[in-house]
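Below is one structure; the comments refer to it alone.
Number of protein chains: 2
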Amino acid sequence: MEIEIFRKFLSGRGLKLTNQRVAVFNEIFAFHGHFEPERLYLKIKDSGTRASRASVYRTLNLLVESGLVEKITRTEKGNVYEHTYGHRHHDHMVCEVCDEIIEFYSEKIENLQDEICRKNNFRGVSHTLEIRGYCEKCGRQR
Amino acid sequence: MEIEIFRKFLSGRGLKLTNQRVAVFNEIFAFHGHFEPERLYLKIKDSGTRASRASVYRTLNLLVESGLVEKITRTEKGNVYEHTYGHRHHDHMVCEVCDEIIEFYSEKIENLQDEICRKNNFRGVSHTLEIRGYCEKCGRQR
DNA sequence: GAGTTAATTGAAATTTAATCTCAATTTCAA
DNA sequence: TTGAAATTGAGATTAAATTTCAATTAACTC
């Protein structure tokens, strides 16, 4: 279970798996997809569990540090996260017209990035590759 | 001259090339590299020209809309911009600790992206590739 | 269990980049 | 010169995220 990974991560730091942390964890792992901290907070609130905004943010940061959650991007309206456990890393193509998102993965690109990091003595931790343009449907119409 | 492009962009919208806008423009195009809005504001202030923080931000947004300046990333401390006129496309590595930005360019990655777009019948227009991690200096300390 | 220590929590305050407000000023075409 | 429209700047506002700190909770020792 993923929660065991989190528990181990916490105890390795002398931290405890409290009810609030469990609540945040469960809400995040209850579904697959992107989420924003504020909506996460509201969902937890709706679910009946008590967890303050501060605790949600604090737990979220812990989950990122543990590697179970990834900060995907920063938008005008704040950060966007997704839980990564069991998900293979992927990148995105975004259609400028209909906002369709196509996921893709390229081993070759991944390797080239590693190579570039090595060359620059940079220790890459994560990356975002987003291609913007027109999807098949919308591209045909132009 | 790049400023002519800006002037045309402005007049196309019924906007004027004021002294403040010229000052922001000049400061940005006076050097090559990344910059943050706040530092830009301070530099303009130091240069003796009067331009309020609000005007600097407003002009910056106009420059982005005109295509002369690009918002390249968002850090914890805010947005980072660079002027793109006459610059070849490149991607970035961003240090999570010190926010240092390293530019890189890979023909191979560019080609792979084109290939992926073709495979997905996606017409790519632009892309952002950002690798986040630790630069040489900050990576050594962990 | 009781006592001790350290971690945790939540409400509110704070921080900070960026935007907005709006009265005063400037620009420019007629 | 005049008037409509754009622009400016000082300060207020916004909003995400973090911090503060007193009160609470958990875990450990005896």
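Chains A and B, in that order, are what the protein sequence lines are.
Take any residue in the first sequence, note its place counting from 1, add 4, and you have its number in our numbering.
Take any residue in the second sequence, note its place counting from 1, add 4, and you have its number in our numbering.
C-beta: ideal position from N, C-alpha, C; glycine also.
Residue range of the alpha helix (DSSP H) that includes residue i
i                      : result
residue 143 of chain A : 140 to 144
residue 50 of chain A  : 41 to 50
residue 26 of chain B  : 23 to 33
residue 63 of chain B  : 57 to 70
N- and C-terminal bounds of the beta strand (DSSP E) containing residue i
i                      : result
residue 81 of chain B  : Premise fails: residue 81 of chain B is in no beta strand (DSSP E) and is neither H nor E.
residue 121 of chain B : Premise fails: residue 121 of chain B lies in the alpha helix (DSSP H), 111 to 123, not in any beta strand (DSSP E).
Three-state class that DSSP yields for residue i in the structure shown
i                      : result
residue 88 of chain B  : coil
residue 12 of chain A  : helix
residue 136 of chain B : strand
residue 75 of chain B  : strand
Residue from the options with nearest C-alpha to residue i
i                      : options                 : result
residue 63 of chain B  : B:26, B:79, B:36, B:46  : B:26
residue 65 of chain B  : B:51, B:33, B:41        : B:41
residue 22 of chain B  : B:136, B:77, B:60, B:51 : B:60
residue 113 of chain A : A:51, A:85, A:54, A:132 : A:132
residue 143 of chain A : A:100, A:68, A:75       : A:100
residue 5 of chain B   : B:129, B:102, B:29      : B:29
residue 121 of chain B : A:134, A:130, A:121     : A:134
residue 96 of chain B  : A:109, A:130, A:102     : A:130
residue 92 of chain B  : B:73, B:104, B:139      : B:73
For residue j and residue i, the rounded distance between their alpha carbons
i                      : j                      : result
residue 71 of chain B  : residue 7 of chain B   : 12 Å
residue 89 of chain B  : residue 48 of chain A  : 47 Å
residue 43 of chain A  : residue 78 of chain A  : 15 Å
residue 37 of chain A  : residue 45 of chain A  : 16 Å
residue 94 of chain A  : residue 136 of chain B : 15 Å
residue 35 of chain B  : residue 82 of chain B  : 20 Å
residue 75 of chain B  : residue 18 of chain A  : 40 Å
residue 32 of chain A  : residue 87 of chain A  : 7 Å
residue 67 of chain B  : residue 56 of chain B  : 16 Å
residue 124 of chain A : residue 116 of chain A : 12 Å
residue 98 of chain B  : residue 69 of chain B  : 24 Å
residue 107 of chain A : residue 50 of chain B  : 47 Å
Cross-strand partners of residue i (DSSP beta bridge)
i                      : result
residue 107 of chain B : B:96
residue 17 of chain A  : Answer is none; residue 17 of chain A lacks a bridge partner.
residue 127 of chain B : A:138
residue 36 of chain B  : According to DSSP, which records beta bridges pairwise, residue 36 of chain B is partnered with nothing at all.
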